[in-house]
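Those protein sequence lines, which keep their order, are chains A and B.
To convert, note that position 154 of the first sequence is 154 in the numbering used here; the numbers rise steadily by one, no gaps.
Each position in the second sequence, counted from 1, maps to that position plus 216 in the numbering used here.
Backbone N, C-alpha and C define an ideal beta-carbon position, used for all residues, glycine too.
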Amino acid sequence: MDQKTDLASFRRYRIAAGTPPDHRAEAFLSRLEKHRFTPLDDAIEEDERAGWITAEHILDTRFTFEKVVHDPYVLFALRIDRRRVSRALLVAHVRIEEEAFRRATGSQRVPAKKRKEIREQVRDRLIRETKPVPASYPAIWAIERGVVYFGNLAAKANDEFRLRFEETFDVELEALTPFAIASVRSGGEAAEIDRLLGTSPTKFAEAATSAALAAA
Amino acid sequence: MGTGDPAALARDKAFLGREFLTWLWYRCEVDGGEFDLRDGPVAVLFNDYVSLVSQDGESKEESIVRRASAHRSPEARTALLSGKVVSLAKLEIARGDREWRATVVGESLDLRSVKTPPENDETREENKEARFVAKVEAYEELAAILDGLYGRFLDVRLAPEWEEREAPAMGEWIRARAAATARIAVAPSTH
Chain A
1 MDQKTDLASF RRYRIAAGTP PDHRAEAFLS RLEKHRFTPL DDAIEEDERA
51 GWITAEHILD TRFTFEKVVH DPYVLFALRI DRRRVSRALL VAHVRIEEEA
101 FRRATGSQRV PAKKRKEIRE QVRDRLIRET KPVPASYPAI WAIERGVVYF
151 GNLAAKANDE FRLRFEETFD VELEALTPFA IASVRSGGEA AEIDRLLGTS
201 PTKFAEAATS AALAAA
Chain B
217 MGTGDPAALA RDKAFLGREF LTWLWYRCEV DGGEFDLRDG PVAVLFNDYV
267 SLVSQDGESK EESIVRRASA HRSPEARTAL LSGKVVSLAK LEIARGDREW
317 RATVVGESLD LRSVKTPPEN DETREENKEA RFVAKVEAYE ELAAILDGLY
367 GRFLDVRLAP EWEEREAPAM GEWIRARAAA TARIAVAPST H
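Written out as structure tokens, the structure is:
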């Protein structure tokens, strides 16, 4: 397994609703293809874009069974490209533009509306001039068990992953959090779910005191 | 599940994950860290990093790093006594001759810095495909072990036994550890 498919960190999801498509059918690959990654458009001030790639390398959006299906697992990756302007650079350019405005108008102050306009123009210009930084995160789907492992823990990446996965495969994903795992484990048994919903944080030191008092 | 907004429930009940890690620490100390799970016994060891936070998760995290056994440090004991619970724990988990390392995040049960058992000679000679499958199976086995341990916690946590016995016993354990720390701190020098 190479670095691209290593799960150094991962969050687990389960398929909570919907019927996943047959991973052995061409239509499965077509879905990945339809939601594949396409590069950021330089013509517009877009600062982020995401889409599927294969696990081969970051430029590979040609999905084949050989690359994707590794029974009992399916493997692909989410690529997210971001253009980020450093705050220091933004502040510097804004100050330069504000100074130019003051010299041009002979005014000591830059009106608030003009300052906002300058800031937005500078930001848009810098975004267009900034090269996007690509990042990719593996997704490993244990098809039979209905569990998906996503190789990143950041909130934004997970939101993007979940949205895209659900859109691509017409299913609903649920993160396997402490509550979700407990809930699944209960098998939907009403009494168990009620007990789970009725839990509240334990104050351990107080619990010791209460028990001692009760025993006295 | 039909029980409400999943995101809100995940947030509201995140404390279960932190209580699980705290319980795991307690059980490791009291029972020696051996757990008999459905797929076989495992041994759990707390490693050189543990992080504690207030029960509601709102206070600043207090991270404790020690070359070995961060959880045995006076800082960890004091944090527990002040009502904090474990938010993050670096664990070593062994089953037979196979060993995993991972940092478990309490509020989400995410896994960080995961190290799976090294490939054996047989696997190393397999093709790339077979090696990939073996690696993912190792991740899955780790996840199953974590679920098994969490299941043990839930068995107690959702039973009357929690309030009657387990939580008070953990409270006593916290106090006893803090008292032991205080005794060590004031013990006269023998020199």
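When only Cα atoms are considered, ILE181/A and LEU90/A end up about 45 Å apart. Proximity to VAL320/B across GLY198/A, ALA205/A, ARG11/A, PHE161/A peaks at ARG11/A, based on C-alpha coordinates.
Per DSSP, the beta-bridge partners of LYS306/B are THR319/B. For the region 112-166 of chain A, the full-length alpha helix (DSSP H) segments reaching 4 residues or more read 112-129 along the chain.
For PHE369/B, same chain residues with a beta-carbon under 6 Å away, outside a window of 5 residues either side, are PHE236, TRP239 in chain order. Contact between GLY367/B and ARG62/A does not hold, since their C-beta atoms are separated by about 42 Å, which reaches or exceeds 8 Å. Distance between ALA354/B and ASN263/B, taken at the CA atoms: about 20 Å. Counting every other CB atom within 10 Å of its CB across the protein chains shown gives VAL246/B a total below 16, marking it as exposed. The region 122-130 of chain A makes no contact with the region 105-113 of chain A; the number of CB pairs closer than 8 Å stays below 3. With fewer than three CB-CB distances shorter than 8 Å, the region 332-342 of chain B does not count as touching the region 152-171 of chain A. Per DSSP, the beta-bridge partners of HIS70/A are TYR73/A.
Counting along the chain, VAL110/A sits inside no alpha helix (DSSP H), nor does DSSP assign it H or E at all.
Taking the CA atoms as reference points, VAL94/A sits about 21 Å from PRO132/A. DSSP places PHE262/B in the uninterrupted beta strand (DSSP E) bounded by 256-269. As a beta-bridge residue in DSSP terms, VAL301/B pairs with VAL269/B. For GLU250/B, the uninterrupted beta strand (DSSP E) segment begins and ends at 250-253.
Distances from the CA of ILE80/A to each of PRO134/A, GLN121/A, PHE204/A, ARG164/A were compared; the closest alpha carbon is that of PRO134/A. The region 15-23 of chain A makes contact with the region 166-176 of chain A, as at least three CB pairs between them are under 8 Å. Distance from the CA of GLY220/B to the CA of ALA104/A, rounded to the nearest whole angstrom, comes to 59 Å. DSSP places LYS331/B inside the beta strand (DSSP E), whose first and last residues are 327-331. Going by DSSP, GLY51/A is part of the beta strand (DSSP E) stretching over 48-53.
The shortest CA-to-CA distance from GLY322/B to any of ALA350/B, VAL349/B, ASP363/B, ASN343/B is the one to ASP363/B. Around the CB of GLY146/A, fewer than 16 other CB atoms lie within 10 Å, so the residue is classed as exposed.
Only those residues of the region 285-311 of chain B whose C-beta falls short of 9 Å from the nearest C-beta of chain A are listed: LEU296, LEU297, SER298, GLY299, VAL301. Against chain B, the beta carbon of LEU29/A has no neighbour under 8 Å; the closest one sits roughly 18 Å away. With contacts defined by Cβ atoms closer than 8 Å, GLY249/B and LEU325/B do not form a contacting pair. Under the criterion of beta carbons closer than 8 Å, LYS331/B and ARG317/B qualify as touching, at roughly 4 Å. If you check each beta-carbon in the region 163-193 of chain A against every beta-carbon of chain B, the ones closer than 8 Å belong to GLU174, ALA175, LEU176, THR177, PRO178, PHE179, ALA180, ILE181, ALA182, SER183, ARG185, GLY188, GLU192, ILE193. Rounded to the nearest whole angstrom, the CA to CA distance from GLU66/A to VAL302/B is 43 Å. Inter-residue distance for SER30/A and ILE309/B is about 40 Å (C-alpha atoms, whole angstroms). Against chain B, a Cβ distance below 8 Å from SER9/A picks out ASP326, LEU327, ARG328, SER329, VAL330. Counting the other Cβ atoms within 10 Å of the Cβ of THR5/A gives 16 or more, which makes it buried. Residue contact check for THR64/A against chain B: no CB pair falls below 8 Å.
Ranked by how close their Cα comes to the Cα of LEU307/B, the residues VAL258/B, LEU374/B, GLU345/B, ALA375/B have VAL258/B in first place. Secondary structure of LEU40/A (DSSP, three-state): coil.
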